[in-house]
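Reminder that position 295 of the sequence shown reads as 295 in full-length UniProt numbering, one-by-one numbering, no gaps.
The beta-carbon is built from N, C-alpha and C at its ideal position, and this holds for glycine as well.
Below is one structure, written out as structure tokens; the observations come after it.
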Amino acid sequence: MACKTTISALILRSHGAWHPSEISAFVELPLYKEKEPSKIPWKQAGVDYIIESSGVFTTIEKASQLLKGGAKKVIISAPSKDAPMYVCGVNLDKFDPKYKVVSMASCTTNCLAPLAKVIHDNFGIAEGLMTTVHAVTLSQKVIDGMAKKAWRDGRSAMCNIIPASTGAARAVGMVIPELQGKLTGMAFRVPVPTASVVDLTIRICKPTDYEKIKCAVKEAAEGSMCGILGYTEEDIVSTDIIGSPYSSIFDANAGIMLNENFVKLISWYDNEAGYANRLADFVQFVKKKDDESACAPKKPECPPKPPDCGKK
Numbered sequence: 001m002a003c004k005t006t007i008s009a010l011i012l013r014s015h016g017a018w019h020p021s022e023i024s025a026f027v028e029l030p031l032y033k034e035k036e037p038s039k040i041p042w043k044q045a046g047v048d049y050i051i052e053s054s055g056v057f058t059t060i061e062k063a064s065q066l067l068k069g070g071a072k073k074v075i076i077s078a079p080s081k082d083a084p085m086y087v088c089g090v091n092l093d094k095f096d097p098k099y100k101v102v103s104m105a106s107c108t109t110n111c112l113a114p115l116a117k118v119i120h121d122n123f124g125i126a127e128g129l130m131t132t133v134h135a136v137t138l139s140q141k142v143i144d145g146m147a148k149k150a151w152r153d154g155r156s157a158m159c160n161i162i163p164a165s166t167g168a169a170r171a172v173g174m175v176i177p178e179l180q181g182k183l184t185g186m187a188f189r190v191p192v193p194t195a196s197v198v199d200l201t202i203r204i205c206k207p208t209d210y211e212k213i214k215c216a217v218k219e220a221a222e223g224s225m226c227g228i229l230g231y232t233e234e235d236i237v238s239t240d241i242i243g244s245p246y247s248s249i250f251d252a253n254a255g256i257m258l259n260e261n262f263v264k265l266i267s268w269y270d271n272e273a274g275y276a277n278r279l280a281d282f283v284q285f286v287k288k289k290d291d292e293s294a295c296a297p298k299k300p301e302c303p304p305k306p307p308d309c310g311k312k
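Okay, structure coming up:
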């Protein structure tokens, strides 16, 4: 784990410098340095909800270690093989407070899923392929080196466009069950520090035109997905969306349609700031649901049935 000075520097500088006018309060936070998360006294520190962002404890079994210190829940900021997965604006209506470990999927799934939901709800998605042109991440190399999974993953992130795998499209099927097995995709890692873009190419069930698709997305962006799904008709580029709080920003001018059933849609996202904003929203949502669950009257237990003495 990094030292206190490094953590402070990362908080202040890693996504651009914070200006003094943006800092309204200073709060002292306890700092622990433990290899085993079960040793951290979360309850003593006043922590109820843990955001697991190490990328290590991404299963229920592993993340449950974090609960031993007295926290109420763990929210995994990555896809999980077995934890229930939720995406803001997509499937929060299915949230069940009984789960102690939940996942908020990945930044790419949070970009793709809201757009996919709007299109599927209005036109139906028969099948599709997604490509994310993704900013570099911490797992990449500054210069060419060894990689665990594939040689290309070890090539320098500074000067290469690197094809990579991603489970983001398949994860959409976990938050929108109707799309299970209908979407898959890949990634291209590119040498920019942040800001990414999704290319969703799909065959839709209901014949339509591009104007109607734009209208459907705009309506959702201004209504049910306000603050989550953005909509723009400006000719933007990646630096224009750095710091954006949206999970997904639909680029109305970038999409193209081959015919009335086959279309390519483009949506931007700041893979750091957008996802961080949704994490904050999701933690508040989870707490609200936990509070509601705690206040809800418990169902009375059914009394035991009397013995059936009259029958032989």
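Own chain partners of residue i with C-beta closer than 7 Å, once the 5 adjacent residues on each side are dropped
{"i": "GLY128", "result": "LYS182, LEU183, LEU200, THR201, ILE202 and ARG203"}
{"i": "PRO245", "result": "ALA273, GLY274 and ASN277"}
{"i": "TYR32", "result": "ILE40"}
{"i": "GLY167", "result": "PRO79"}
{"i": "GLY55", "result": "ALA78"}
Whole-angstrom distance between residue j and residue i, CA atom to CA atom
{"i": "LYS214", "j": "ALA252", "result": "6 Å"}
{"i": "TYR86", "j": "SER103", "result": "6 Å"}
{"i": "LEU67", "j": "ASP209", "result": "50 Å"}
{"i": "VAL217", "j": "ARG170", "result": "22 Å"}
{"i": "ILE249", "j": "LYS35", "result": "38 Å"}
{"i": "PHE57", "j": "MET146", "result": "24 Å"}
{"i": "CYS226", "j": "ALA9", "result": "33 Å"}
{"i": "VAL175", "j": "GLY124", "result": "16 Å"}
{"i": "ALA63", "j": "ASN271", "result": "23 Å"}
{"i": "GLN140", "j": "ASP240", "result": "24 Å"}
{"i": "VAL142", "j": "MET158", "result": "6 Å"}
{"i": "THR101", "j": "GLU260", "result": "Note that residue 101 corresponds to Val in the displayed sequence, not to Thr. Taking the straight line joining both Cα atoms gives about 42 Å."}
{"i": "SER53", "j": "CYS205", "result": "38 Å"}
{"i": "HIS134", "j": "VAL118", "result": "23 Å"}
{"i": "LYS126", "j": "LEU112", "result": "For the sequence presented, residue 126 should be read as Ala rather than Lys. One C-alpha to the other measures close to 16 Å."}
{"i": "residue 314", "j": "ASP290", "result": "Because residue 314 is not part of the residues shown, which for the chain are 1 to 312, the question remains open."}
Which of helix, strand or coil DSSP assigns to residue i
{"i": "ARG155", "result": "coil"}
{"i": "ASP251", "result": "strand"}
{"i": "THR239", "result": "helix"}
{"i": "PHE262", "result": "strand"}
{"i": "THR232", "result": "strand"}
{"i": "VAL27", "result": "coil"}
{"i": "GLU52", "result": "strand"}
{"i": "VAL217", "result": "helix"}
{"i": "ILE76", "result": "strand"}
{"i": "TYR269", "result": "strand"}
{"i": "LYS312", "result": "In this predicted model, LYS312 has a pLDDT of only 46, less than 50, meaning its place in the structure is not dependable; the value taken from the coordinates is given anyway. Three-state result, LYS312: coil."}
{"i": "ILE40", "result": "coil"}
Near the ligand SAH: residue i beta-carbon under 7 Å from a heavy atom
{"i": "SER224", "result": "The ligand SAH is absent from the structure shown, which contains no ligand whatsoever."}
Nearest neighbour of residue i, chosen from the options [CA to CA]
{"i": "GLY99", "options": "ASP281, LYS73 and SER247", "result": "First, the amino acid is wrong: residue 99 is Tyr here, not Gly. The residue with the shortest Cα to Cα distance from TYR99 is LYS73."}
{"i": "PHE282", "options": "LYS43, THR5 and ILE76", "result": "ILE76"}
{"i": "SER165", "options": "VAL197, ILE60, ALA195 and MET130", "result": "MET130"}
{"i": "SER224", "options": "PRO114, PHE95, THR59 and GLN44", "result": "PRO114"}
{"i": "GLY230", "options": "SER196, GLU211 and TYR269", "result": "TYR269"}
{"i": "ASN122", "options": "SER293, GLY89, PRO84 and PRO207", "result": "PRO207"}
{"i": "ALA105", "options": "SER247, VAL136 and CYS295", "result": "SER247"}
{"i": "TYR132", "options": "HIS120, CYS295 and PHE188", "result": "Reading the sequence as shown, one finds Thr at residue 132 and not Tyr. For the residues HIS120, CYS295 and PHE188, the minimum Cα distance to THR132 belongs to PHE188."}
Proximal residues to residue i (C-beta, below 8 Å), its chain only, five neighbours per side dropped
{"i": "LYS312", "result": "Only weak support exists for where LYS312 lies, its pLDDT of 46 falling under 50; the value from the coordinates is given anyway. There are no such residues."}
{"i": "ALA221", "result": "LEU229, GLY230, TYR231 and PHE250"}
{"i": "ALA254", "result": "ILE266"}
{"i": "SER38", "result": "GLN65, LEU66, LYS68 and GLY69"}
{"i": "CYS3", "result": "none"}
Same chain only: Cβ atoms within 6 Å of residue i, ignoring 5 sequence neighbours per side
{"i": "ASP153", "result": "ALA147"}
{"i": "ILE50", "result": "LEU66, ALA71 and VAL74"}
{"i": "ASN91", "result": "VAL175"}
{"i": "LYS81", "result": "THR59"}
{"i": "VAL47", "result": "ALA71"}
Beta strand (DSSP E) segments (min. 3 residues) lying fully within the segment 139-204: For the segment 139-204, the continuous beta strand (DSSP E) assignments of 3+ residues that do not extend past its boundaries occur at 162-165, 183-190 and 196-204, in sequence order.
Runs of beta strand (DSSP E) lying entirely within the segment 89-148, each at least 3 residues, in chain order: Runs of the beta strand (DSSP E) spanning 3 or more residues and lying entirely within the segment 89-148 occur at 101-103 and 125-135, in chain order.
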